[in-house]
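A.B. asks: Sharing a structure with you now.
This is how it looks when you write it as structure tokens:
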């Protein structure tokens, strides 16, 4: 728009650039059940599986991949015949033009049909270049002809200069690994000391890690459901174990720090863990969290609308983005998998671990919430463009969730996060014009109604417990004992320091400096100044052997 003006820019986007596109995955119906439940050895898995199409908004083909096995018995054709087939395909189905290729790669494949019958054929990989007419962006086109069939066609736009990916978009790819490395190193350092002091417990973290790994496995499975058998189960299992194990470790460290920092944030969680599921404290915080989540969604919609008056607002979906749920064979399960895992990850790493660590460093809620909000927004940016307004809007929305945790407790923060994220992802299910998607959205709405009903029910039941400290896990007693001893030592140190002179004597032509630093919180060291009169000063120094209270 800056280079061409609004009218020409709209024309370019409408005619020449596939800024928006449809990606369609076709799978033969009779193979669907085999692909979902096959052990990878069925004969049907050796057949043609389907195809993937990418269309622009005018229905013109941009990319095409036919999932055809190499063992197919196809005819061997000449190069000129392959070019004729490709030229006709390009002319009839795509917005591009076929020209003589810059390079043609020929590959001779020997396909084994049976143990006794072999057939050789030549496959052709075509490569040529063209440009988008109005703005002269280079386009690389590739195609593969196997026998008399085109099994692959791809178009690769190569923007240069001002059209290239910005630095901030490139930075997004590196922030998450850096943040993950920082979290892992921090938790290891903290865990070494707390594990030796028996101030950590992995039991709840193990359960949470299993749930998180299961959700991540569901998401990964439905992302890769087209390629079944051992080739897909291995990455699903390994990734689920890694992500679940990370949650176990980070939760254990975060819970230890969190209970020491603000034990009141765990009251609702302790009630649930100990079976007091109808306690009003749980219901109140669930309702608070849901209300804050709905409010944050409304704030997001309002802010986006306000920015749209001044900027062209768009959501550029990433691999896990909200628009990608529609490419799954089961969008609801895929969405539940990735969103549930993302929620557990966010609560564990940022609400529990991050907020607790920064709370020990800073007392101001504005500082703590601001730092954690900035980290989450930059590392897990959702693709709202333009960049700066998008970051500000996403930061404001995330601050709602962090405030719910700061003001109330962990359950309230989790409920706010779940409400915001699930409905941000799921709202599109109702507007696709597809009954299956709409039904999935209704199921999700039904689950939320049941949760609200449960929370309201707890408000009308009698609370059976008011002493929440006895619900805390056993390792918390070790933390409180250390805090008690540390407090006593601090008092003893204050008493000891009160025995020492408040200030040094002032004597002309003589500078006097003194300092006492016990090796531990307290010790047996002592000094004092004694005025002996007649311009004489006595200095008393006591150094008792040993350290600590006994000295």
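Residue numbers (my numbering): 48 to 598.
The C-beta atom is built at its ideal place from N, Cα and C for all residues, glycine as well.
1) Suppose the cutoff is 7 Å on Cβ atoms and the five residues either side in sequence are ignored; what does the same chain contact list for residue 190 look like?
2) Residue range of the alpha helix (DSSP H) that residue 439 falls in?
3) Check for me: the beta strand (DSSP E) holding residue 99 runs from which residue to which?
4) For the alpha helix (DSSP H) that contains residue 605, what are its first and last residues?
5) Taking contact to mean 3 or more Cβ pairs, one atom from each stretch, closer than 8 Å, check whether the segment 311 to 325 and the segment 509 to 524 are in contact.
6) Please state if the CB of residue 423 and the CB of residue 258 are separated by a distance shorter than 8 Å.
7) Three-state secondary structure (DSSP) at residue 561?
8) Excluding five sequence neighbours on each side, which residues of the same chain lie with their C-beta closer than 7 Å to the C-beta of residue 323?
9) Spell out a yes or no on whether the segment 478 to 492 and the segment 277 to 290 are touching, meaning 3 or more CB-CB pairs, one atom from each, closer than 8 Å.
10) Am I right that residue 67 and residue 129 are in contact with their C-beta atoms under 8 Å? What's the rounded C-beta distance?
11) Please classify residue 560: is it buried, with 16 or more other beta-carbons within 10 angstroms of its beta-carbon, or exposed?
12) Less than 8 Å separating the beta-carbons of residue 569 and residue 539?
13) Provide the residue(s) that pair with residue 72 in DSSP beta bridges, ordered along the chain.
14) With 16 other CB atoms within 10 Å as the buried threshold, where does residue 555 fall?
15) Applying the criterion that 16 or more other CB atoms from any shown protein chain within 10 Å of the CB defines a buried residue, is residue 413 buried or exposed?
16) What's the gap between the Cα of residue 398 and the Cα of residue 303?
17) For residue 383, tell me which candidate among 418, 440, 491, 429 has the shortest Cα-Cα distance.
18) So the candidates are 235, 395, 192; which of them puts its Cα closest to the Cα of residue 113?
19) Excluding the 5 residues preceding and the 5 following residue 142 in the sequence, name in chain order all residues of the same chain whose CB lies nearer than 6 Å to its CB.
20) Looking only at its chain, what residues have a beta carbon closer than 7 Å to the beta carbon of residue 178, apart from the 5 residues adjacent to it on each side?
21) Are the beta-carbon atoms belonging to residue 442 and residue 464 less than 8 Å from one another?
22) Enumerate in chain order the residues of its own chain whose CB-to-CB distance from residue 90 is below 7 Å, with the five nearest sequence positions on each side excluded.
23) Return the first residue and the last residue of the alpha helix (DSSP H) that residue 421 is part of.
24) Under the three-state reduction of DSSP, which class applies to residue 531: helix, strand or coil?
25) Between the alpha carbons of residue 136 and residue 69, how many angstroms are there, rounded?
26) Whose C-beta lies closer than 8 Å to the C-beta of residue 428 among residues of the same chain, with five residues either side of it excluded?
27) Please list the segments of the alpha helix (DSSP H) lying wholly inside the segment 466 to 549, counting only runs of 4 or more residues, in order along the chain.
28) Excluding the 5 residues flanking residue 307 on each side, which residues of the same chain have their C-beta closer than 6 Å to its C-beta?
29) To which residues of the same chain is residue 325 closer than 6 Å at the C-beta, ignoring the five residues directly before and after it?
C.D. replies: Put simply:
1) Counted from its first residue, the chain shown places residue 190 at position 143. Same-chain partners within the cutoff: 133, 173, 197, 199, 200.
2) By 1-based counting over the chain shown, the position of residue 439 is 392. Counting along the chain, residue 439 sits inside the alpha helix (DSSP H) bounded by residues 434 to 454.
3) Start at 1 with the first residue of the chain shown, and residue 99 comes out as number 52. In the DSSP annotation of this structure, the continuous segment of the beta strand (DSSP E) that includes residue 99 starts and ends at 97 to 103.
4) Outside the displayed span of the chain (48 to 598) sits residue 605, for which this structure offers no information.
5) Here the segment 311 to 325 makes contact with the segment 509 to 524; the two share three or more CB pairs at distances below 8 Å.
6) In the chain shown, counting from the first residue as 1, residue 258 sits at position 211. In the chain shown, counting from the first residue as 1, residue 423 sits at position 376. No, Cβ-Cβ distance for residue 258 and residue 423 is not below 8 Å.
7) Position 514 of the chain shown, counting from 1, holds the residue named residue 561. Residue state, collapsed to three classes: coil.
8) By 1-based counting over the chain shown, the position of residue 323 is 276. Answer for residue 323: 511, 512, listed in chain order.
9) The segment 478 to 492 vs the segment 277 to 290: no contact.
10) Numbered from its first residue, the chain shown carries residue 67 at position 20. Numbered from its first residue, the chain shown carries residue 129 at position 82. So it is not a contact: roughly 32 Å between Cβ atoms.
11) Looking up residue 560 in the chain shown gives position 513. Exposed: under 16 other Cβ atoms inside 10 Å.
12) Working through the chain shown from its first residue, we reach residue 569 at position 522. Working through the chain shown from its first residue, we reach residue 539 at position 492. Their beta carbons are under 8 Å apart, which means residue 569 touches residue 539 by this criterion.
13) For the purposes of this step, residue 72 is identified with residue 25 of the chain shown, where counting begins at 1. Looking at the DSSP assignment, residue 72 forms a beta bridge with 99.
14) Sequence index remark: in the chain shown, residue 555 carries index 508 (1-based). Residue 555 is exposed by the Cβ-count criterion.
15) Numbered from its first residue, the chain shown carries residue 413 at position 366. Looking at its Cβ environment, which holds fewer than 16 other Cβ atoms inside 10 Å, residue 413 is exposed.
16) Here the question's residue 398 lines up with position 351 in the chain shown. Here the question's residue 303 lines up with position 256 in the chain shown. Within the model, the alpha-carbon separation for residue 398 versus residue 303 is close to 13 Å.
17) Position 336 of the chain shown holds residue 383. That would be 491, whose Cα lies nearest to the Cα of residue 383.
18) Numbered from its first residue, the chain shown carries residue 113 at position 66. For residue 113, the nearest C-alpha among the options comes from 192.
19) For the purposes of this step, residue 142 is taken as residue 95 along the chain shown, with counting starting at 1. Same-chain partners within the cutoff: 107.
20) Working through the chain shown from its first residue, we reach residue 178 at position 131. Taking residue 178 as the centre and dropping the five residues before and after it, the same chain places the C-beta of 184, 185, 186 closer than 7 Å to its C-beta, in chain order.
21) In the chain shown, counting from the first residue as 1, residue 442 sits at position 395. In the chain shown, counting from the first residue as 1, residue 464 sits at position 417. With respect to the 8 Å criterion, residue 442 and residue 464 are not classified as neighbours on the basis of their beta carbons.
22) Taking the chain shown and counting its residues from 1, the one referred to as residue 90 is at position 43. Per-residue confidence for residue 90 stands at a pLDDT of 40, beneath the threshold of 50, marking its modelled position as unreliable; no derived number is given.
23) Counting from one through the chain shown, the residue named residue 421 turns up at place 374. Secondary structure note for residue 421: its alpha helix (DSSP H) is the uninterrupted segment 412 to 426.
24) Position 484 of the chain shown, counting from 1, holds the residue named residue 531. Three-state DSSP puts residue 531 in a helix.
25) Looking up residue 136 in the chain shown gives position 89. Looking up residue 69 in the chain shown gives position 22. One C-alpha to the other measures close to 19 Å.
26) The residue given as residue 428 occupies position 381 in the chain shown. In chain order, 219, 437, 438, 441 place their CB closer than 8 Å to the CB of residue 428, counting only its own chain and leaving out the 5 sequence neighbours on each side.
27) 482 to 505, 522 to 546, all fully within the segment 466 to 549.
28) Residue 307 sits at position 260 when you count from the first residue of the chain shown. Take residue 307, set aside five residues on each side of it, and the residues of its chain with a beta-carbon closer than 6 Å to its own are 526, in chain order.
29) As a first step, residue 325 must be located in the chain shown, where it is residue number 278. Counting only Cβ-Cβ distances below 6 Å, and skipping sequence neighbours, we find 505, 508.
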